[in-house]
Amino acid sequence: MSFVMMKRALERKDTWPIRFYDSMQIIPNGLLDGTFTSFGLYEECLDIENEQFPGLKMKGRYCLAKRELPFMYPSLNNETAYRSTHLPDNNDMRLLQAMNLLKKTYLRFGVCFPSTCSAKEINRALNRIMSPSGKQYVEIESECKVKDREIKLNGYQRTA
């Protein structure tokens, strides 16, 4: 019965049911309050080592990924939103105003894959999982981290 009530509330564009999903680990905690990052467990990922396969030492590779939030295209005219002092105070208007602020906002998250995977393979796997329709793409940051890998610093980074 609770799910039916939540479904009806969502159809009315009430925001309270979304808070249930917001409080879960499926999406970053506090997404509705402006938190768009979920970095995961960096150290735990880098500590992964597996030598069960002969001649292949597999370590954890930590990468940052980003995905454009898919629901950020409201039909609220910016000029109307910022010039009018008599906007209706209802949930539809609040949602549209919040979405207007979030255009081109990215969800950033940490992912952990075996060090034997290339960035291209990681990108392909994430896109299959997160974007089965192929409309939204996940992008992997070019610099992924693997434990014990030497990091080359430039002159500015050395003096900082």
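Every position in the sequence shown, counted from 1, becomes a number in my numbering once 2 is added.
The beta carbon of each residue, even a glycine, is placed where N, CA and C say it ideally should be.
- Beta-carbon proximity list for Y108, same chain, < 6 Å, skipping 5 on both sides: K68 and E70
- Task: From the DSSP output, in three-state form, read off R14 for me.
- Result: coil
- Query: Which residues share a DSSP beta bridge with R69?
  - Reply: L109 and V140
- Item | T161 - containing alpha helix (DSSP H), residue span | G157 to T161
- Please state if the CB of G62 and the CB of I50 are separated by a distance shorter than 8 Å. yes
- Where does Q27 fall in DSSP's three states? Confidence in Q27 is poor, its pLDDT being 46 and thus under 50, which makes the residue's placement unreliable; the coordinate value appears in the next sentence. Looking at Q27 - three-state DSSP - the assignment turns out to be coil, as it is neither helix nor strand.
- Just the Cα atoms here: how many angstroms apart are Y158 and I131? 38 Å
- Message: If distances are taken between C-alpha atoms only, which option among K154, T161, K9 and V148 comes closest to C119?
- Response: V148
- C65 versus E123 - alpha carbon distance: 12 Å
- Query: When you compare each of K15, G57, K59 and G112 to E45 by their alpha carbons, which one comes out closest?
  - Reply: G112
- Go through its chain and collect everything with a Cβ distance to E115's Cβ below 6 Å, but skip five positions before and after it. First, the residue type needs correcting, since residue 115 is Phe and not Glu in the sequence shown. R63 and I124.
- Message: Let me check understanding here. Comparing Cα to Cα, which of A121, N156 and S117 lies closest to I142?
- Response: A121
- Task: Using three-state DSSP, classify C119 as helix, strand or coil.
- Result: coil
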